[in-house]
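Everything below concerns the one structure shown next.
Residue numbers (the numbering used here), protein chains in the order written: chain F, 1 to 334; chain L, 1 to 334; chain E, 1 to 334; chain P, 1 to 334.
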């Protein structure tokens, strides 16, 4: 039975507690938060919990095997470092750290101490993303041409990060999971309307080898919520609308056939337009599956797809986006 | 009665002929096309027409007052120049020309000869765009924050231009019409998957003064057709979905209120979320209204909103997009 | 070359003229309408036509082989009878006649004179209905359980018929085409809000042998336009949304499996929920295909699916609906 | 502090426990269920609860003021009667009872004992239904013409009732709440495909005075989930789509204007088509609001809108539907 301590009981913390409590192989024993109201709330919902405002007590507790760090990104590194030093496996809220050098340091430390890191890229455990991964890996889509994602809604300005660090980690971690190639460069544009330090709208273009291009549109000022990703392959194309309760993924037998290529300037193309198909998706809760996977990895010593290295790659791209943004879209090589 | 000659009877030509034929104040007298099949088709549908493969005959015909140029963009300049020299007003398919210097030359020539130029930015005459213009100009939306447009579908590779020149003129002409400020810079990214010379996916960011940002996503490789524009103002925000038959424009009483600003790092924001409202739109055919306006301008000597200068501004932005694209997103100042 | 005369040039007449003009095997030679404005309009659009206010001239014209009757339902019988007596094949707007006895008389007359009748049930020629027919006939859906159709919008009160006679002929002719069994009884309810003589809302239940049940919801007072039909089979179920431009038909691998049946009161059922699939549909214009079929039937002596007998069956159901409506839903056996 | 005992811990019971636990003025002290697994589940989620398989213990417990009956409908009467006799207020799952005579008996008993009955018509407490009520009562919609509701999905055959008793109580209780007039008659049609005793599809027409007509379409065999109600008034019409996360209610400024009425056969009508408007709805959880209202009624002696009489009226309509169904749509007067 893996025993877990959770640091941070704000918006996401209660979900972590509920899910790890529900598992066969784990239980949450303690929660820490600097906010007293949060601790009261935790105690009321889960009376069996030990609660404390002092995260060090959790980190150093003998009956805790795993620390979940569900706090603002600027605190991740210090807490994670302490927890690893104390011999605890860690589950860290995304984005992993606010500097890629910190992420590297944590990865090395965990390796040395033979501890596991999981970064909370929950989307990788949804039925939708797992189905897309399958459709790419088994060749259904064919060679990829593009990945185009839109994640917009009225946003949350109380964050200490801009819209890229708030919303794009979802898309970047999904993109990183789905596309085998590693990105080569990033161009990020955007604007800050309410606070010079914080872009509230941003557009990321990510260049890949083999002509794959990715684009991510994140926006805190949208009147409507959109969560849509288009993925185009040479054989088939798909649209993932995460807000559609019934048919999140639609696979289109549509595309372009290049019949022949005579000379440099001539190109015979034709359009295919066939059936559309919405595969049934596994409906299980992603967070539950991620929790199970984490416990399994801790017990069996495997590495999850969302390990520290995956977290590091996402932070690298976020840093590149920031650098490009500051120079109004100058290309940043990765 | 304004007499019109139409050069080019491909996809769009028949619509031009039908609409100008239907008007009180105009009739189409002749059609020219280098393709014999096109001429046969024109003759069958409109038996009263004089048809000829030689466009010069039309341009020089004494009983023609206006020449409509509905041919590929690379031919616009020469045909337009000839027509203006021959003393004809011109209606030119978008984009106006493939070089902005050509556009300037035509504008000067028309001015000198006191002739009218209209560029076929038909969207400006739709009920939707006219309603949005009204909502911006009467202050309903408040100061603009962003304009974000998506225009994607399975495309038409037989074009002699890339996806930006094919699809973005719509969005750029609408943006130019709606936003009073003039854009200051452009960042364009994209990829060419089938033909090195021709991007089939592109993402344009256009910077404006006063923190307004615009973004245009054009894609020839999308399995679904999307025609959606989001426009965010400080007071209200709207979504224009041109494919919705009933409620193309939805105005949201949603936004951000900045309550106070204490110090540099503190910002009190709150979110407004009120009713949504879909105004009734004028349902008349945009092309018919544009045709009427053109005849009126020719008769009364006024300039339409989609005059040569509007066409020029769009071409300038297309050129900037091309330059930025070639350098993988380098900023181009306008 | 089949020569056609068209009686009635209101809303639908121009479509008939345009389509039969466009065919290889037919041309429209004359149009008749009692309204002079309609005749002027016909002459302007199709200058080659002979137009006359006197339908008898058309019916008796020697150079006319086929008469299309595109007039209000109350005039169909007399015009059709005259045309058949004059040796012309007839295409009659739906509903065929306003009394089923009239329909029978016309069928008999046509048979005697070896002439063809087609009733304008255009929907049977759409890609959607033909695909549904195929999915039923090839066993994809399995044994049918129900057919449930909704056809509502803001209506047209100038009609001389109630909402059942105005809208339900579409659904009834489609139902008649798709379901092999013949209906056994009808229950119709409804209400007339503005004119005691004319129901503006009605709900039809049609009972079939083998537990198939059909339901048709027609409404002239709906603020939204709906054109949706659900068809449930034991193996698969489908939804046909005729207003969806891209995916009109969605086939669901959903249903109920009866595992066993122990005793009278026990029933082990389980739910299947699999993929959804939207087959590509033939996009050709239904009216064009119907016109071609009619010409073919006239030339080759075959009977179309929408022959006089199909028209008669629909009128029988409309009569039954009226009778049931008058008695507030009393069952009427067919 | 009102103390509550909950009988029945299946699908809905946990929601009742959670909501009444969360309130200031109440707490749940005990849960009873004949199923041991259910009791274990209750104990695990809410360790403070007293659980027992014997509902009589709860009903007769001294420290319980209110009994919630969340069991199959066939058990409601006996449990409710016992609870009232024991001096407890009761909250009863819908439908109230399986016979209207039982409902009457309970109402009388509660009155005599000065105890409160609430029937769990939760929908009446949603932001959507309360907004519609407001739009009707303040005259926005004008005099009502129709109420047309569709509630379909793949159903649950394990129920001991047919589709009418399973799904229609929602629509009937909403209709009863919204329409001031009392219904005069019912026509119900339907079909049972898998079990002769249990209709799985049914169509109810309910006649009201003043030409108001209501229709309810309930179906357990639909591949898609639909929860849509159209309400037409003389001034405005609305569509309530309960599955739309953002704009559940759309109010249309559409309708019919009767300009004049000359003679019996002439009627000048015109169509209005104006803006659409989606009012912001209160987002609070309906069940929480209902729970608060119930506690308030118990404390202050008021009657809720969903009191025993409302429950009785719904059961009367369900009985009428059953009687009409058995006779294939024969009208049943209420």
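Ideal placement from N, C-alpha and C gives every residue a C-beta, glycine not left out.
Being a predicted model, the structure only gives us computed values, none of them experimental.
Note on the stretch 28 to 61 of chain L: whole alpha helix (DSSP H) runs with a minimum of 4 residues are 36 to 45 and 55 to 60, in chain order. Along the length of the stretch 50 to 120 of chain E, whole alpha helix (DSSP H) runs at least 4 residues long occupy 55 to 60, 73 to 85 and 100 to 113, reported in chain order.
A Cβ-Cβ separation of about 7 Å places residue 183 of chain L in contact with residue 317 of chain L under the 8 Å criterion. Close partners of residue 237 of chain E in chain P (Cβ separation under 8 Å): 221, 222 and 223. One finds 47 and 48 in chain P with Cβ atoms closer than 9 Å to the Cβ of residue 47 of chain F, taken in chain order. Between the stretch 80 to 94 of chain P and the stretch 110 to 126 of chain P there are three or more inter-stretch CB-CB distances shorter than 8 Å, so the stretches are counted as touching.
Among the residues facing chain P, residue 245 of chain F is included, as its CB has a counterpart in that chain under 9 Å away. Burial is judged here by how many other beta carbons sit within 10 angstroms of a residue's own beta carbon; residue 207 of chain L has at least 16 and is buried. Note on geometry: alpha-carbon atoms of residue 325 of chain E and residue 295 of chain P lie some 47 Å from one another. Rounded to whole angstroms, the Cβ separation of residue 321 of chain L and residue 188 of chain L is 4 Å, and the two are in contact under 8 Å.
Classified as buried, residue 121 of chain E has 16 or more neighbouring CB atoms from the shown chains inside 10 Å of its CB. Secondary structure note for residue 239 of chain P: its beta strand (DSSP E) is the uninterrupted segment 237 to 241. In the three-state reduction of the DSSP assignment, residue 195 of chain L falls in the coil class, being assigned neither a helical nor a strand state. By the Cβ rule, the stretch 138 to 154 of chain E does not count as touching the stretch 3 to 20 of chain P, because fewer than three pairs are nearer than 8 Å.
Interface flag for residue 317 of chain P against chain E is unset, since no Cβ pair is found closer than 9 Å. Counted as a single uninterrupted DSSP element, the beta strand (DSSP E) harbouring residue 149 of chain F occupies residues 144 to 154.
Within chain F, the residues placing a beta-carbon under 7 Å from that of residue 145 of chain L are 193 and 221, ordered along the chain. In the structure shown, residue 304 of chain P adopts coil according to DSSP, grouped into three states.
For residue 276 of chain F, the residues of chain E that pass the 7 Å Cβ criterion are 247 and 278, in the order they occur in the chain.
Looking at E/112, E/174 and E/124, the one whose alpha-carbon comes closest to that of residue 286 of chain E is E/124. Per DSSP, the unbroken beta strand (DSSP E) holding residue 4 of chain P starts and ends at 2 to 7. Under the 9 Å criterion on CB atoms, residue 273 of chain P is classed as interfacial with respect to chain L. Interface annotation, residue 253 of chain F: in contact with chain E, CB-CB separation under 9 Å.
When the five nearest sequence neighbours on each side are left out, the beta carbons in the same chain lying within less than 8 Å of the beta carbon of residue 69 of chain F are those of 7, 8, 75, 76, 79, 80, 83, 90, 91, 92 and 93, in order along the chain. Residue burial is scored here from C-beta neighbours: residue 180 of chain E has fewer than 16 other C-beta atoms within 10 angstroms and is therefore classed as exposed.
Among the bridge pairs identified by DSSP, residue 219 of chain E is matched with E/152 and E/201.
Only those residues of the stretch 107 to 125 of chain E whose C-beta falls short of 9 Å from the nearest C-beta of chain P would be listed, and there are none. Residue state for residue 275 of chain P is assigned as strand, using DSSP reduced to three classes. In the three-state reduction of the DSSP assignment, residue 327 of chain F falls in the coil class. In the same chain as residue 227 of chain F, and ignoring 5 residues on each side of it, the C-beta atoms closer than 8 Å to its own belong to 150, 151, 241, 242 and 243, in chain order. Inter-residue distance for residue 2 of chain L and residue 65 of chain L is about 6 Å (C-alpha atoms, whole angstroms). Collapsing the DSSP output to three states places residue 230 of chain E in a strand. A check of alpha carbon separations from residue 270 of chain E across E/277, E/254, E/282 and E/194 identifies E/254 as the nearest. Contact with chain P is found for residue 213 of chain E, since one of that chain's Cβ atoms lies less than 9 Å from the residue's Cβ.
Rounded to whole angstroms, the gap between the alpha carbons of residue 22 of chain L and residue 41 of chain E is 12 Å.
CA-to-CA, the gap between residue 279 of chain L and residue 136 of chain L works out to about 14 Å.
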